[in-house]
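Okay, structure first, notes after.
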Amino acid sequence: MKKTAALVIIFSILALPITSCNWTKDKSKKAIHKTGEIIGKTGSEFGDGVYKGVKKTFENEVKISAQLKAQGLDLGEVLINSTDSTIDNILTAYIIFNDNFDQEVTIKIFNENGKEYGRLKKYLTGEKDDAKHFDLIFNKHVNIEPKSSIIIE
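The sequence shown maps to residues 1 to 153 in the working numbering.
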């Protein structure tokens, strides 16, 4: 009887660390998982904030001349793109035709100090109530800088 009681006590003493170790391990896993969730949400929000901040910082002012507006030309979204061999020399403009339009326009790019560093002529054709994307491709030496002013006239 004493042997049995001693074995039960010894077994209990040996089993206690094993079960409490599993309990601790389980609680640690849950805490790590919850921490990971919080960090993931925070990281996602941080990344979104950085993206919006960078996008605002690099936004360029794009305008259409009053004369072209009077002829029915308007702009939607304007993006800056690259090719495999050039960096930021393509202006992709979503152009809206409020009237029939069929003529050449000039696109000029100015740096933040007002100095012109890019010019392009492009023939645009569109019917009233039409809209489409145009790739305005500047030569390889033009790198459309952040905070540039772009004027279509």
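Each residue gets a CB set at the ideal place from its N, CA and C atoms; glycine is no exception.
If residue i sits next to residue j, beta carbons under 8 angstroms apart, how far is it from one beta carbon to the other, in whole angstroms?
| i | j | result |
| --- | --- | --- |
| residue 152 | residue 68 | 6 angstroms |
Tell me whether residue i sits in a helix, a strand or coil according to DSSP, three-state version.
| i | result |
| --- | --- |
| residue 69 | helix |
| residue 110 | strand |
| residue 128 | coil |
| residue 133 | strand |
| residue 183 | An answer regarding residue 183 cannot be provided, because it is not within the stretch 1 to 153 covered by the chain. |
Between residue i and residue j, what straight-line distance do the alpha-carbon atoms span, to the nearest angstrom?
| i | j | result |
| --- | --- | --- |
| residue 72 | residue 98 | 4 angstroms |
| residue 103 | residue 145 | 28 angstroms |
| residue 139 | residue 89 | 7 angstroms |
| residue 120 | residue 60 | 17 angstroms |
| residue 114 | residue 141 | 18 angstroms |
Leaving aside the five residues before and after residue i along the sequence, list all residues of the same chain whose C-beta is less than 7 angstroms from its C-beta, in chain order.
| i | result |
| --- | --- |
| residue 62 | 75, 78 and 150 |
Which residues in the same chain have their Cβ closer than 6 angstroms to the Cβ of residue i, if we skip the five residues on either side of it in sequence?
| i | result |
| --- | --- |
| residue 94 | 76, 77 and 133 |
With a threshold of 8 angstroms on Cβ separation, who are the neighbours of residue i within its own chain once the five nearest residues in sequence on each side are excluded?
| i | result |
| --- | --- |
| residue 136 | 90, 91, 92, 93, 107, 120 and 122 |
| residue 82 | 88, 89 and 90 |
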